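J.: The structure's right below; bear with me while I get my questions together.
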Amino acid sequence: MSAPFAKLPNWAEYGLIPVVNLVVAFLISGLVVVFAGENPLKAAYLMVSGAFGSGEGIGYTLYYATNFIFAGLAVAVAFHAGLFNIGVEGQAYVGGIGVAVAALTFDATLPWYLIFVLAIIGSMVMGALWALIPAWLQAYRGSHIVITTIMFNYISYSLMLWMLNKVFKPLGSMAPQSRTFGPGGELPKLDWLLAIFGLDNGNSPFNLTFLLALLAAFLVWVLIWRSRLGYEIRTLGFSPGAARYAGIYEKRIIIVTMLISGGLAGLLAINSIMGDQHRIQQEFVSGAGFVGIAVALMGRSHPIGIVLASVLFGMLYQGGAEIAFDMPNISRDMIVVIQGLVILFAGALEHLFRPSIVAAFARMRSGSAASTVTTGA
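Those letters in the sequence shown? Residues 23 to 399, per this note's numbering, in order.
Here it is as structure tokens:
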């Protein structure tokens, strides 16, 4: 994704600006806590200790972060091509159909590691297919990708409700959900990974999908920065006119990029369905697709930044629950307000402080150049 304004050093671009935005968001969040009659320092302590103070808290934080990594990568890949994929939520939702079909069909006959592979394929195919129609409309009919992907989010809710009631719901059941998977449809938890650091995973649903998310982040890095396709995607995002002049087929890149983005979004469903709930039911995505937009913006559309931003938002989810539990004046809705402030400064206002930082760097450079000239004279 191209960056507006002047070029900054990478450490300032990918580290300083996100940190400044984050600090301001937390300062304003502190004022919200003060208005609610609570101590903001205590709230900050509860949030950090709730998210990282125990093995179980870390497990929950990384479980939430897993969803955000997939969502952030899906949004970021589209960003690099100049596309704003708002439909990650719906693509992840439909991706769950692929996961559920694989688990419900083979959970009694195949081991989990084979069903895991089938679930990866199924979720990516379903997520990619759900992104294909908006991509085709954008490439060949000029429809705006933001509008079409938003509409497809709503369509996915209706489709999933129909699937749950007409296809997945067992006979005699009233709840719109599938039966519970057998052992083959349940992913192993990563207790051993936390045990290496002397931590107990407890009851958290931290599972194997986290390692898949890290692998996906690495593969996205290879795709975007170490492949010809990635170069074409970035060229199209930076300058569509230059891409056309260079012979890059714009329509093909739009469709391929959205297929990759939708496939990554579909992977999100594995974490919730096979790693935690062991069934498919309503609202298993829980807004993670929309959070992925903020994660991609905060992470500057780079896989490393996305992983770090995902852990931050995982902390907000897990730590926010701890605050709501220990501070009666701060409801769950107020936690959403705090999370919204972080999303606001990381997303919509991400360039608010950029001109000031750019000006500060320009003054530093001019001062350094003047000093060099004076010394040379």
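All C-beta atoms in this analysis are idealised placements derived from N, C-alpha and C, irrespective of residue type, glycine included.
Small disclaimer: the values here were computed from a predicted structure and weren't measured.
Nearest-angstrom Cα distance between A25 and T257?
T.: With a pLDDT of only 47 at A25, under the threshold of 50, the placement of this residue in the model should not be trusted, and no figure is reported.
J.: Starting from the C-beta of I155, find all residues in its chain whose C-beta is less than 8 Å away, skip the five residues before and the five after it, and write them out in chain order.
T.: Here the set comprises T170, F174.
J.: For the alpha helix (DSSP H) that contains R163, what are its first and last residues?
T.: First-last of the alpha helix (DSSP H) with R163: 134-163.
J.: Specify, as a first and last residue, the run of the alpha helix (DSSP H) that E344 falls within.
T.: E344 -> alpha helix (DSSP H) spans 325-348.
J.: Given a cut-off of 9 Å, decide if F203 and M296 are closer than it, judged by their beta-carbon atoms.
T.: Going by C-beta atoms, M296 is nearer than 9 Å to F203.
J.: Can at least three beta-carbon pairs, one atom from the segment 91-101 and one from the segment 270-288, be found at a separation below 8 Å?
T.: A contact exists between the segment 91-101 and the segment 270-288.
J.: In whole angstroms, what separates the C-alpha of L193 from that of D129?
T.: The alpha-carbon atoms of L193 and D129 are separated by roughly 19 Å.
J.: Roughly how far, in whole angstroms, is the beta-carbon of F232 from the beta-carbon of L209, given that I think they are within contact range, below 8 Å?
T.: In fact, because the Cβ distance is near 10 Å, the residues do not count as touching under 8 Å.
J.: What first and last residue would you give for the alpha helix (DSSP H) that runs through A73?
T.: Note, A73: alpha helix (DSSP H), 62-74.
J.: For V364, which residues in the same chain have their Cβ closer than 6 Å to its Cβ, ignoring the five residues on either side in sequence?
T.: Excluding positions up to five away in sequence, the list reads A47.
J.: Give the C-beta separation of I326 and H102 to the nearest angstrom, bearing in mind that I take them to be a contact with Cβ-Cβ under 8 Å.
T.: Contact doesn't hold; Cβ gap of about 15 Å is too wide.
J.: Between which two residues does the alpha helix (DSSP H) harbouring Q304 extend?
T.: Counting along the chain, Q304 falls outside any alpha helix (DSSP H), and DSSP gives it neither H nor E.
J.: Excluding five sequence neighbours on each side, which residues of the same chain lie with their C-beta closer than 6 Å to the C-beta of L159?
T.: Once the five neighbours on either side are set aside, the close Cβ partners of L159 are S165, T170.
J.: Give the secondary structure of N351 by DSSP, where H, G and I count as helix, E and B as strand, and everything else as coil.
T.: The answer is coil: DSSP assigns N351 none of H, G, I, E or B.
J.: Quick check on K191: does DSSP put it in helix, strand or coil?
T.: Of the three classes helix, strand and coil, the one that applies to K191 here is coil, per DSSP.
J.: Going by C-alpha distance, which of S180, Y36, P198, G112 is nearest N187?
T.: Cα-wise, what sits closest to N187 is P198.
J.: In terms of residues, what are the limits of the alpha helix (DSSP H) holding D213?
T.: Element bounds for D213: 213-217.
J.: Any contact of the segment 263-272 with the segment 80-90, i.e. 3+ C-beta pairs under 8 Å?
T.: No contact exists between the segment 263-272 and the segment 80-90.
J.: Between which two residues does the alpha helix (DSSP H) harbouring S51 extend?
T.: Its alpha helix (DSSP H) spans residues 39-57.
J.: Using only the alpha-carbon positions, how far apart do S332 and Q304 sit?
T.: Rounded to the nearest angstrom, the two C-alpha atoms are 23 Å apart.
J.: Quick check: the Cα distance between I246 and R274, rounded to an integer number of angstroms?
T.: In a straight line, the C-alpha of I246 is about 16 Å away from that of R274.
J.: So, do the segment 140-149 and the segment 112-128 have three or more beta carbon pairs nearer to each other than 8 Å?
T.: Touching, yes, given that three or more Cβ pairs across the two stretches are closer than 8 Å.
J.: Can you say whether T131 is buried or exposed, counting buried as having 16 or more other CB atoms within 10 angstroms of its CB?
T.: Answer is exposed; the Cβ neighbour count stays below 16.
J.: Starting from the C-beta of P62, find all residues in its chain whose C-beta is less than 7 Å away, skip the five residues before and the five after it, and write them out in chain order.
T.: Correct list, in chain order: G52, V55, V56.
J.: Using a 10 Å radius around the Cβ and a threshold of 16 neighbouring Cβ atoms, would you call R266 buried or exposed?
T.: Exposed.
J.: Is it right to say S180 is buried, meaning 16 or more other beta carbons lie within 10 angstroms of its own, or is it exposed?
T.: Looking at its Cβ environment, which holds fewer than 16 other Cβ atoms inside 10 Å, S180 is exposed.
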